[in-house]
Each structure stands twice: as C-alpha cells, then as structure tokens.
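Trainee: Have a look at this one.
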Amino acid sequence: MDNYVKRQGLRDTFGRPLTDLRISVTDRCNFRCTYCMPNEIYGERYKFLSRDAVLSYEEIIRVAKIFVQLGVTRLRLTGGEPLLRPNIEELVRDLAAISGVDDLSLTTNGYRLGKIAGKLKRAGLKRLTVSLDTLDDEIFQRMNGRQYGTQPILDGIQAAEEAGFMPIKINTVVQKGVNDHTVVELASYFKARGHIVRFIEYMDVGNRNGWRMEQVVSSKDILHQLNEEMPLVALSKNFPGEVAARYRYADGEGELGLISSVTNPFCMDCSRARLSADGIIYTCLFASFGHDLRTLIRSQTTDGDIVKFITRVWSAREDRYSEERGAHSKQPAKKVEMYHIGG
Ligand code: SAM
Ligand code: SF4
Ligand code: SF4
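Mapped onto the numbering used here, the consecutive letters of the sequence shown carry residue numbers 9 to 351.
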C-alpha cells in the first residue's frame, strides 16, 4: 500500500472513503421477485454462473481481508439468495474472525432462515436483514413470482429472534398499485415485535424489470401514510453513509427507516463497493461495467498487487448515478442486474 493511502485512507474522486463491502455469494435465487428477477426472463432455461465461475469461500476470505486492509470495516453478505449457498455459516465464521471487521450482516429473503438462523448466530453474524414486501399472502405470492406465502418468512423471522437477532431489519420495496396500500399493516406488525422496517423506493436497477417512474412511491408519500396512523419523529443517522433516513414512533416504541434512492439520493455519502459472486468489483449499484478481480486472484497475483488494483479502481471512482438520474435523457444501455450484486 503506498504511503499516501496509508496516511489518508483510500478516497475516490469525490473524497469518499471505502468503508463497506457487499459480497454476493451466489447469483441464484429461489424467488423471482418481479422487480429483480422477473420470471419471464429468469425461467427454466436461464443460465446462471457455473460452479467454477463462482468465488470459493477461500477466495472470498482473501479478498475480504484485502478490503479490510484498505479501510473496510463493514461486510454484508447477499446474493441472489445467500442462504442457498451450502454451509454459508462457515464463510460467516471466517469473515467474523477477520480483525478490523466491526460489522458483519446478511440480507436474505428469509425462506430458509428457519433452518439456519441459529447456525448463523453461533458463527458470529451480527445483524440480519430480511426482505418482505407485504403481509398480504396473495400480493406476496405475486411479487415473489413463485407463489410462496408469507408464513415461511414469518417463521424464519421468529427463528432468527429466538436465535438472538434483535432487532431485525425488514426490507420492503414499495411499488405503486401493487403493495403500497399494505405499508401501514406491515409497519404496525413489526413495530409490535420490535423490528425495524425499511421502506425502499422501487429502483431502476438493471435493464430487465421494466422500471417506470410512475411505479415509484416516494418516501414522502409513505411517510405521510404512516404518519396518519402512527406518528413518526425524525432521528439522526447512526453513522455517515447510512442509507436509511431513521424515524422513531412518537409513542416511544420502535423505529423505522425510509430509503429514498430515487427521490432523495445519497451518492455523496456512498462508501460501498460490491463484489459479485464471480469476483467482479462494482463501484455503483447502477454501474455499466465492473473490474475483474477473479482473474487476478486466480493468477498467482500477490496481495500487494491486488491492493494496488483495488486502490486504482477506487481512486478513479466517479459514480453518482442516482444524483444524475433526472439528467439522463434515457437509461444507460447496460446496467448490472441487482441479483448479480445483491443490492
Ligand atoms: N435475496 C436477498 C433478498 O431479497 O433479501 C438478497 C439480495 S436482494 C437483491 C437485496 C435487496 O434488494 C432486497 O431487499 C430487495 O428487496 C432489494 N431489491 C431488489 N430489486 C430492487 C429494486 N428494483 N428496487 C429496490 N430494491 C430492490
Ligand atoms: Fe431473489 Fe432477493 Fe432478487 Fe427477490 S430480491 S429475486 S429474493 S435476489
Ligand atoms: Fe452509491 Fe451509485 Fe447508489 Fe449513488 S447511485 S448511492 S454512487 S450505489
């Protein structure tokens, strides 16, 4: 690592540090959420990454250690669906043991959580986010594209509570005319259980979900709906770069978050890099291309050279897609898909 980076910490062209790494452990998923992996595209014949193409746990751990040397303190496992990867708790255990990792979390659709929550906790996973878009079974079946009801997810959340994950974050993507009339019910259900719902504006990630601005429900509208039933009070951020605006319920019980990636972007606080399951680094959720780390780690390259590679990539980073979204006259021809880098 050169002396400048050692002194200043790694910074991109806007002075943003590199503090978070999101690691996608698989591109496969048992759901087909309409906004992420629509069934029409990701059908039976869709070709996912081959086993060889996907980074092994040893490779992921090596890369994670290098990122930590460069200033990353927070790791999140994601996918596709991370709980589909066999023995994921072994990866969790080894990542948790890296000195300098202050936070280790995982985002899941919750379907397999009932079986594995205890193992994840014992392996050292600190925090869990479960995605659940509505409590209405019929709407949920449509949104997950696989006709799954909500019960396995609610059971998974309960298993996670019993394993000691508390509070759990619940990620809810809100789409106009689809689930926006169910947000109050969902918020109130999880408020009573002490979990933190985070309503996410539907985003134009990738090129395959047919996103249109008219389908976005703004955080402002969601807040308005919630305030009518359960008044909220704004809170300050837990740390710089936190993506959700935080609120507490005025009655003193519980917290909630709003992620306004479309209507109120937060690019200047964005200190996250993303590693795809096949070892490509992306410096933005909306990137058109990534940087191939896998070829490097599979070609006898030293850790020092990988440090130099990541340093070059991050130092040249100029991404601020969401802040410029309004200025794009049309969508970029190619953007990485969400299931590839995990949100
Ligand atoms: N499969 C896991 C899950 O669903 O939690 C992890 C990967 S998933 C891609 C990560 C998060 O991205 C989920 O909370 C999901 O709801 C969110 N997401 C996917 N597509 C989105 C979109 N178009 N807009 C907003 N959020 C999206
Ligand atoms: Fe799978 Fe998560 Fe994408 Fe839904 S959002 S299709 S659960 S990767
Ligand atoms: Fe970060 Fe890119 Fe999202 Fe902006 S658009 S917050 S740079 S991931």
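Quick reminder that beta carbons are idealized off the backbone N, C-alpha and C, glycines included.
Taking GLU236 as part of the alpha helix (DSSP H), name the residues at either end of that continuous run.
Mentor: As a working mapping, residue 236 is identified with position 228 in the sequence shown. GLU236 -> alpha helix (DSSP H) spans 227 to 237.
Trainee: Taking its Cβ as the centre, do 16 or more other Cβ atoms sit within 10 Å of PRO90, making it buried, or is it exposed?
Mentor: Locating residue 90 in the sequence shown gives position 82, counting from the first residue. Buried, by the Cβ-count rule.
Trainee: What's the call for VAL321, buried or exposed, on a 16-neighbour Cβ count within 10 Å?
Mentor: Position 313 of the sequence shown, counted from the first residue, corresponds to residue 321. Buried, since its Cβ has 16 or more Cβ neighbours within 10 Å.
Trainee: When you measure from the CB of TYR347 to every non-hydrogen atom of ligand 2, does any distance come out below 6 Å?
Mentor: Stepping through the sequence shown from its first residue, residue 347 is reached at position 339. At least one heavy atom of ligand 2 is nearer than 6 Å to the Cβ of TYR347, so yes.
Trainee: Do you know how far the Cα of GLY87 is from the Cα of ARG30?
Mentor: Translated into the one-based positions of the sequence shown, residue 30 becomes position 22. Translated into the one-based positions of the sequence shown, residue 87 becomes position 79. Each residue's Cα considered, the two are about 9 Å apart.
Trainee: Counting only the same chain and skipping the five closest in sequence on each side, list residues whose C-beta sits under 8 Å from that of LYS127.
Mentor: The sequence position of residue 127 within the sequence shown is 119, counting from 1. Same-chain partners within the cutoff: GLU97.
Trainee: Please list, in chain order, all residues of the same chain as LYS129 whose beta carbon is under 7 Å from its beta carbon, the five residues on each side excluded.
Mentor: In the sequence shown, residue 129 corresponds to position 121, counting from 1. Excluding sequence neighbours, LYS129 sits near ALA171, GLY172, PHE173.
Trainee: Please list, in chain order, all residues of the same chain as GLN233 whose beta carbon is under 7 Å from its beta carbon, the five residues on each side excluded.
Mentor: Numbered from 1 along the sequence shown, position 225 holds the residue referred to as residue 233. If we look at GLN233 and ignore the five residues flanking it on each side, its Cβ neighbours are VAL191, VAL192.
Trainee: Distance check for ASN187 and THR180, CA to CA, integer angstroms please.
Mentor: The residue given as residue 180 occupies position 172 in the sequence shown. The residue given as residue 187 occupies position 179 in the sequence shown. Answer to the nearest angstrom: the Cα atoms are 9 Å apart.
Trainee: Can you look up LEU143 in the DSSP assignment and give me helix, strand or coil?
Mentor: As a working note, residue 143 is residue 135 in the sequence shown. If DSSP states are grouped into helix, strand and coil, LEU143 belongs with coil.
Trainee: Under 8 Å: do the stretch 18 to 25 and the stretch 157 to 172 share three or more Cβ pairs, one atom per stretch?
Mentor: No, the stretch 18 to 25 is not in contact with the stretch 157 to 172.
Trainee: Would you say the beta carbon of PHE148 is closer than 6 Å to some non-hydrogen atom of ligand 2?
Mentor: Against the sequence shown, residue 148 aligns to sequence position 140. Checking every heavy atom of ligand 2 against the Cβ of PHE148, none is found closer than 6 Å.
Trainee: Excluding the 5 residues preceding and the 5 following TYR197 in the sequence, name in chain order all residues of the same chain whose CB lies nearer than 7 Å to its CB.
Mentor: Here the question's residue 197 lines up with position 189 in the sequence shown. LEU143.
Trainee: I want to check one thing, is the minimum distance from the CB of MET151 to the heavy atoms of ligand 2 below 6 Å?
Mentor: The residue you call residue 151 lines up with position 143 of the sequence shown. Not under cutoff, so the answer is no.
Trainee: DSSP has ALA281 in a bridge; who is on the other side?
Mentor: Reading the sequence shown from its first residue, position 273 is the one you call residue 281. DSSP, once it has assigned bridges, lists LEU29 as partnering ALA281.
Trainee: Tell me whether the stretch 281 to 291 and the stretch 29 to 43 touch, counting them as touching only if at least three CB pairs, one residue from each stretch, are closer than 8 Å.
Mentor: The answer is yes - the stretch 29 to 43 touches the stretch 281 to 291, with three or more Cβ pairs under 8 Å.
Trainee: Can you have a look at MET221 and say buried or exposed, based on whether 16 or more other CB atoms are within 10 angstroms of its CB?
Mentor: Stepping through the sequence shown from its first residue, residue 221 is reached at position 213. So MET221 ends up on the exposed side.
Trainee: Who are the Cβ neighbours of LEU304 in its own chain at under 8 Å, not counting the five residues just before and after it?
Mentor: For this step, residue 304 is matched to residue 296 along the sequence shown. If we look at LEU304 and ignore the five residues flanking it on each side, its Cβ neighbours are ASP313, ILE314, PHE317.
Trainee: Among the residues of its own chain, which have a CB less than 7 Å from the CB of CYS41, if the five just before and after it don't count?
Mentor: As a first step, residue 41 must be located in the sequence shown, where it is residue number 33. Hits under 7 Å: MET151, ASN152, GLY153.
Trainee: Looking at the strands, I want to know which residues DSSP matches up with TYR257.
Mentor: In the sequence shown, residue 257 corresponds to position 249, counting from 1. For TYR257, which the question treats as bridged, DSSP gives the partners LEU240.
Trainee: Could you tell me which uninterrupted alpha helix (DSSP H) segments, each at least 4 residues in length, are contained entirely in the stretch 63 to 132, listed from first to last along the chain?
Mentor: Here the runs fully enclosed are 65 to 77, 96 to 104, 121 to 131.
Trainee: So for VAL181, helix, strand or coil by DSSP?
Mentor: Translated into the one-based positions of the sequence shown, residue 181 becomes position 173. Reduced to three states, the DSSP call for VAL181 is strand.
Trainee: Pick from ILE230, GLU236, GLU263, MET238: whose alpha carbon is nearest that of LYS245?
Mentor: Locating residue 245 in the sequence shown gives position 237, where the first residue counts as 1. For the residues ILE230, GLU236, GLU263, MET238, the minimum Cα distance to LYS245 belongs to GLU263.
Trainee: Roughly how many angstroms separate the alpha carbons of VAL118 and GLN155, rounded to a whole number?
Mentor: Here residue 118 refers to the residue found at position 110 when the sequence shown is read from its first residue. Here residue 155 refers to the residue found at position 147 when the sequence shown is read from its first residue. For the record, residue 118 in the displayed sequence is Gly; it is not Val. C-alpha separation (whole angstroms): 15 Å.
Trainee: If we count the other Cβ atoms within 10 Å of its Cβ and call it buried at 16 or more, is SER307 buried or exposed?
Mentor: Start at 1 with the first residue of the sequence shown, and residue 307 comes out as number 299. Answer is exposed; the Cβ neighbour count stays below 16.
Trainee: How would you label SER139, buried or exposed, when you count the other beta carbons within 10 angstroms and need 16 or more for buried?
Mentor: In the sequence shown, the residue the question calls residue 139 occupies position 131. SER139 should be labelled buried.
Trainee: What span of residues does the alpha helix (DSSP H) with LEU57 cover, start to end?
Mentor: As a working note, residue 57 is residue 49 in the sequence shown. Neither: LEU57 is in no alpha helix (DSSP H) and is coded neither H nor E.
Trainee: Tell me the DSSP secondary structure of PHE265 in three-state form.
Mentor: Numbered from 1 along the sequence shown, position 257 holds the residue referred to as residue 265. At residue 265 the sequence reads Gly, which differs from the Phe that was named. GLY265 falls in the strand class under three-state DSSP.
Trainee: Any chance you could list the residues with Cβ under 7 Å from a heavy atom of ligand 3, keeping chain order?
Mentor: The answer, residue by residue, is SER269, PRO273, PHE274, CYS275, CYS278, ARG280, CYS292, LEU293, PHE294, ASP327, ARG328, TYR329, SER330, GLU331.
Trainee: What is the residue span of the beta strand (DSSP E) that TYR329 lies within?
Mentor: For the purposes of this step, residue 329 is taken as residue 321 along the sequence shown, with counting starting at 1. Note, TYR329: premise wrong, no beta strand (DSSP E); alpha helix (DSSP H) at 329 to 332.
Trainee: Based on DSSP bridge pairs, tell me the residues matched to HIS203.
Mentor: Here residue 203 refers to the residue found at position 195 of the sequence shown. Answer is none; HIS203 lacks a bridge partner.
Trainee: What's the C-alpha gap between ASP111 and ALA167?
Mentor: As a first step, residue 111 must be located in the sequence shown, where it is residue number 103. As a first step, residue 167 must be located in the sequence shown, where it is residue number 159. Near 21 Å, if we compare the C-alpha coordinates of ALA167 and ASP111.
Trainee: Nearest-angstrom Cα distance between GLY17 and LEU301?
Mentor: Translated into the one-based positions of the sequence shown, residue 17 becomes position 9. Translated into the one-based positions of the sequence shown, residue 301 becomes position 293. Computed Cα separation, rounded: 21 Å.
Trainee: Roughly how many angstroms separate the alpha carbons of THR271 and SER330, rounded to a whole number?
Mentor: For this step, residue 271 is matched to residue 263 along the sequence shown. For this step, residue 330 is matched to residue 322 along the sequence shown. Rounded to whole angstroms, THR271 to SER330 spans 9 Å at the Cα level.
Trainee: Taking all protein chains shown into account, do 16 or more other C-beta atoms lie within 10 angstroms of the C-beta of ILE49, making it buried, or fewer, making it exposed?
Mentor: Start at 1 with the first residue of the sequence shown, and residue 49 comes out as number 41. That one is exposed.
Trainee: Cβ of ILE124 versus every heavy atom of ligand 4: is any distance shorter than 6 Å?
Mentor: Only ligand 1, ligand 2 and ligand 3 can be found as ligands here, which leaves ligand 4 out of the picture.
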